[in-house]
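In this text, residue positions in the sequence shown follow the working numbering: the first is 829, and each later residue adds one. Even glycine gets a Cβ: it sits at the ideal position worked out from N, Cα and C. This report refers to the structure that appears directly beneath it.
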Amino acid sequence: MKTHCLAAAYLTLFAGAVAAAPVISGAVEPPSACLQYDSKSIKLSGTLLTRTYYGPPGYGESPAQDAREGAWLLLLDAPICVAASAQPEKDNNSFERDQIVVQLAAVHIDPKKIRTMQGQRLTATGQLFHAMTGHHRTPVLLDVYGIDAH
């Protein structure tokens with residue numbers, strides 16, 4: 829229950845932090861231990877959660893008309909940082925620090941399999957990418973190629 833409360837608190841605060849992230853993240857040099865966007869075999873471990881968000885047309889500005897969109901979120905066991913690429917503007921990414929929740933883009937995974945893992949600890953393997961659209965709910969996402977329950 830504590831994990832879900834922590835996740836809910838983080839996700840509530842997250843909405844305001846997204847707008848400030850580009851301003852804050854550009855001024856800090858990333859530590860050498862940060863993960864890289866271009867690595868295709870990143871392994872992240874944590875608890876799988878789901879959350880429903882407002883979608884188009886207003887993304888919460890007109891809730892009665894807005895579609896609902898679900899997102900798979902991984903509440904990480906420990907925060908991560910991700911270093912920007914050599915050409916962050918071209919590659920659409922930036923340095924991100926203290927990320928504790930990562931959205932899973934699980935298009936390569938059987939939806940039935942991931943549904944059965946909700947609320948469980950797991951390790952997801954894939955490639956990190958930076959949020960680019962209104963459908964991306966965390967600054968850093970993982971394009972998932974493999975997923976294993978603990």
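Start and end of the alpha helix (DSSP H) containing residue i?
i      : result
Pro916 : 916-919
Pro939 : 939-944
Name the DSSP beta bridge partners of residue i, please?
i      : result
Ser873 : Thr951
Ala933 : Asp971
His964 : Paired residue(s): none; His964 is not in a bridge.
Phe957 : Leu969
Lys882 : A small correction: the amino acid at residue 882 is Tyr; Lys does not occupy that position in the sequence shown. In DSSP, Tyr882 forms a bridge with Arg896.
Glu924 : Val910
Can you name the start and end residues of the beta strand (DSSP E) that residue i belongs to?
i      : result
Val972 : 968-977
Ala912 : Ala912 -> no beta strand (DSSP E), and no H or E assigned at all.
What distance in whole Å lies between the Cβ atoms of residue j and residue i, which are believed to be in contact at a cut-off of 8 Å?
i      : j      : result
Ile928 : Leu904 : 5 Å
Leu970 : Leu872 : 6 Å
His963 : Glu897 : 6 Å
Asn921 : Ala933 : About 14 Å; that fails the 8 Å criterion.
Spatial neighbours of residue i within its chain, please: CB distance less than 6 Å, with the 5 preceding and 5 following residues excluded, ordered by chain position.
i      : result
Ser977 : Note that residue 977 is Ala in the sequence shown, not Ser. Excluding sequence neighbours, Ala977 sits near Met945, Gln948, Leu950.
Gly974 : Thr953
Gln931 : Ala899, Leu901, Arg965, Thr966, Leu969
Gly874 : Leu902, Leu903, Leu904, Asp905
Asp926 : Pro907
Might you give, ordered along the chain, the residues of its own chain that have their beta carbon closer than 7 Å to the beta carbon of residue i, omitting 5 neighbours on each side?
i      : result
Ala847 : Low confidence applies to Ala847: its pLDDT is 42, below 50, so where it sits in the model is not reliable, and the reading given next is rough at best. None.
Pro891 : Tyr882
His936 : Val972, Tyr973
Ser869 : Thr953
Gly886 : Gln893, Asp894
Looking only at its chain, what residues have a beta carbon closer than 8 Å to the beta carbon of residue i, apart from the 5 residues adjacent to it on each side?
i      : result
Ser867 : Gln955, Leu956
Gly888 : Tyr881, Tyr882, Asp894
Cys909 : Pro858, Pro859, Ala861, Cys862, Leu863, Phe923, Glu924, Arg925, Asp926, Gln927
Going by Cα to Cα distance, which pick from the options is closest to residue i?
i      : options                        : result
Met960 : Ile942, Arg943, Asp919, Lys941 : Asp919
Ile942 : Tyr865, Leu877, Ser869         : Leu877
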